[in-house]
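Okay, so the sequence shown: first residue is -6 according to the working numbering, each after it adds one.
A short write-up of the structure that comes next.
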Amino acid sequence: MNKLNPNYEIFVRSFVGNDYFRTDTNKPICFSNGWVAATNSYKLLWFYDPEFVNKENILDYSKGEGVNALSLMEKTFKDEYEGNKEPIGVIKLQDILDIFTQIRMIPEYEDKYVICSQCDGSGEVECDCCEHINECKECNGEGEIKCGEDETGEYHFPKNHSIVINGLNFGFDQLDDMVTIFTSNGINELDVYESKETKGLFGVKGEKIFIIVMGLYGDDFEKKYNININ
């Protein structure tokens, strides 16, 4: 992706975390060798840009800031990102988008309540014989009684389905997020490298931009969708 593209920095920051308790991943992390990481712990964007350290709102690992993504990359994919190991093929992101269009999204529900008729919503009732105030037994003092469920208007992907790339199972949510970010920035295909354990590595052809996506543990999924590698 051209670094002069006005969306370049937005693209990079799309991969950082937003965890209040993990501020060491909430900004891009710059390393002294010129490589930069942006991660939310489930995905990790790894790209070469020695000038990125001069931008605002970054973490400088040489100053003790951010997580050590460099160590992870050197242990697992050093040959790949240094150009010493070729990809095994290419995937078209449209193939993943086509799967999403086939999926029946699952509606989310929330409990529905009605006002307790025994206490009129107060959670308390008066004893008929002594006028002592007691907790309402009908609603356990809540003032409301569950009477069913309503759809919230939100939907999620099936939890027991996976998308398979090079033998590794990926969750729909992780790939949906990644594909949306890349395709909205004009990147429609990715190089595929050999997976390491549950880590899948992809790259932008002709550029020093890579992304690790964490796969799913296990292989017992109700339905799997395979992505062709060309």
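Glycine included, each C-beta is placed from N, C-alpha and C at the ideal position.
- In this structure, the CA atom of Cys109 is about 32 Å from the CA atom of His149.
- When the alpha-carbon of Asn133 is set against those of Glu117, Thr145, Cys123 and Glu147, the nearest one is in Glu117.
- The Cβ atoms of Ile126 and Glu119 sit closer than 8 Å to each other.
- A Cβ-Cβ contact shorter than 8 Å links Gly193 with Ile205.
- Contact between Leu86 and Phe24 is absent: CB atoms are separated by about 28 Å, not below the 8 Å threshold.
- When C-alpha distances from Ile51 are compared across Ile22, Ser34 and Glu79, the shortest belongs to Ile22.
- By the CB criterion at 8 Å, Asn0 and Asn178 fall inside the cutoff.
- With respect to the 8 Å criterion, Asp88 and Asn162 are not classified as neighbours on the basis of their beta carbons.
- Exclusion of the five residues before and after Asn223 leaves Gly82, Val83, Ile84 and Lys85 as the residues of its chain whose Cβ lies within less than 8 Å of its Cβ.
- Residue burial annotation: Asp184 is buried, with at least 16 other C-beta atoms found within 10 angstroms of its C-beta.
- Taking every protein chain shown into account, the CB of Gly10 has 16 or more other CB atoms within 10 angstroms, so this residue is buried.
- Shortest Cα-Cα distance from Tyr210 to any of Glu190, Thr69 and Phe70 involves Glu190.
- Counting other Cβ atoms within 10 Å of its Cβ, Cys140 stays below 16 and is therefore classed as exposed.
- Around the beta-carbon of Phe14, fewer than 16 other beta-carbon atoms lie within 10 Å, marking it exposed.
- Apart from sequence neighbours up to five positions away, the residues of its chain that approach Asn181 with a beta-carbon distance below 6 Å are Leu86, ordered along the chain.
- For Asp53, the pairing in a beta bridge is given by DSSP as Cys23.
- Residue nearest to Phe93 within the set Val5, Ser188 and Thr173 is Thr173 (criterion: CA-CA distance).
- Rounded to the nearest angstrom, the gap between the Cα atoms of Gly59 and Thr16 is 8 Å.
- A straight-line Cα-Cα distance of about 18 Å links Asp104 and Glu131.
- The Cβ-Cβ distance between Val29 and Asp42 falls below 8 Å.
- As the crow flies, the alpha-carbon of Asp170 is around 48 Å from that of Glu128.
- Across the set Tyr186, Asn19, Pro100 and Thr32, the C-alpha of Asn19 shows the shortest separation from the C-alpha of Glu49.
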